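**Student:**
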Amino acid sequence: MTGNRTFTMIKPDAVENGHIGAILDKISAAGFKIVAMKFTHLSKRDAEAFYAVHNERPFFGELVSFMTRGPIVAAVLEKDNAVEDFRALIGATNPADAAEGTIRKLYATSLGENAVHGSDSDENAVIESAFHFSGREIF
Ligand code: RTP
Ligand code: MG
Numbered sequence: 016m017t018g019n020r021t022f023t024m025i026k027p028d029a030v031e032n033g034h035i036g037a038i039l040d041k042i043s044a045a046g047f048k049i050v051a052m053k054f055t056h057l058s059k060r061d062a063e064a065f066y067a068v069h070n071e072r073p074f075f076g077e078l079v080s081f082m083t084r085g086p087i088v089a090a091v092l093e094k095d096n097a098v099e100d101f102r103a104l105i106g107a108t109n110p111a112d113a114a115e116g117t118i119r120k121l122y123a124t125s126l127g128e129n130a131v132h133g134s135d136s137d138e139n140a141v142i143e144s145a146f147h148f149s150g151r152e153i154f
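In this text, residue positions in the sequence shown follow the working numbering: the first is 16, and each later residue adds one.
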């Protein structure tokens, strides 16, 4: 799996704002194949574990409360060079800095509420996919 898969979440802001379909269209149009997908709602414990790398950061509490505010779409995406190409497709963390046409530029609300997650390495893509999906749920 390493190298050609990444993990994404459509975050609660984008779900609340009705952007699930548009974001999935952008993902497909960019050449990513969806190999796993679910609509789910993170518990506080889930969000704290998923974003544990940020647990010392000042925005951690805000991040956990945002990510647990409503349902999310979790998915595993397949494409050559998936991690890097997906990070390019979503754009910078802060939508104000994101390039024109990127998912965050189009659909994110703010630095904290930025519409989508994308894994930042092949190693984390594997860990994050396994956090949300069993082997039988990835096709
Ligand atoms: P993500 O992990 O969600 O794909 O985002 P990222 O790599 O672009 O950014 P990262 O540094 O990993 O931060 C994770 C998420 O924390 C929220 N954040 N808030 N208020 C703030 O200063 C701040 N900084 C980051 C964002 O939701 C960011 O996506
Ligand atoms: Mg990150």
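Cβ coordinates follow ideal geometry from the N, Cα and C atoms, glycine included. Keep in mind it's a predicted model, so treat the numbers as computed, not measured.
Between which two residues does the beta strand (DSSP E) holding Val91 run?
**Tutor:** From DSSP, the beta strand (DSSP E) with Val91 extends over Ile87 to Glu93.
**Student:** Exposed or buried, Asp28, counting other C-beta atoms within 10 Å across all chains shown (16 or more means buried)?
**Tutor:** By the 10 Å Cβ count, Asp28 comes out buried.
**Student:** Tell me which same chain residues have a C-beta within less than 6 Å of the C-beta of Met52, skipping the five on either side of it?
**Tutor:** Closer than 6 Å at the Cβ level, and outside the excluded window around Met52, lie Ala90.
**Student:** Buried or exposed, going by whether 16 or more other CB atoms sit within 10 Å of the CB of Gly106?
**Tutor:** Burial call: buried.
**Student:** For the alpha helix (DSSP H) holding Arg119, just list the boundary residues, first then last.
**Tutor:** Looking at the DSSP string, the run of the alpha helix (DSSP H) that includes Arg119 is Ile118 to Tyr122.
**Student:** Please say whether Leu78 and His69 have beta carbons closer to each other than 8 Å?
**Tutor:** Yes, Cβ-Cβ distance for His69 and Leu78 is below 8 Å.
**Student:** Where does Met16 fall in DSSP's three states?
**Tutor:** Confidence in Met16 is poor, its pLDDT being 46 and thus under 50, which makes the residue's placement unreliable; the coordinate value appears in the next sentence. Note: Met16 maps to coil in three-state DSSP.
**Student:** Could you tell me the distance, in whole angstroms, from the CA atom of Phe101 to the CA atom of Glu31?
**Tutor:** Computed Cα separation, rounded: 22 Å.
**Student:** On the CB-based measure, 16 or more other CB atoms within 10 Å of its CB, does Pro73 come out buried or exposed?
**Tutor:** When all chains shown are included, Pro73 counts as exposed.
**Student:** Where Ala44 and Phe146 are concerned, what is the direct C-alpha to C-alpha distance, given to the nearest angstrom?
**Tutor:** The alpha-carbon atoms of Ala44 and Phe146 are separated by roughly 26 Å.
**Student:** Is it buried or exposed, Gly46, if we count other Cβ atoms within 10 angstroms and call 16 or more buried?
**Tutor:** Per the 10 Å Cβ criterion, exposed.
**Student:** Whose C-beta lies closer than 6 Å to the C-beta of Lys41 among residues of the same chain, with five residues either side of it excluded?
**Tutor:** Excluding residues within five positions, the ones whose Cβ falls inside 6 Å are Ile118.
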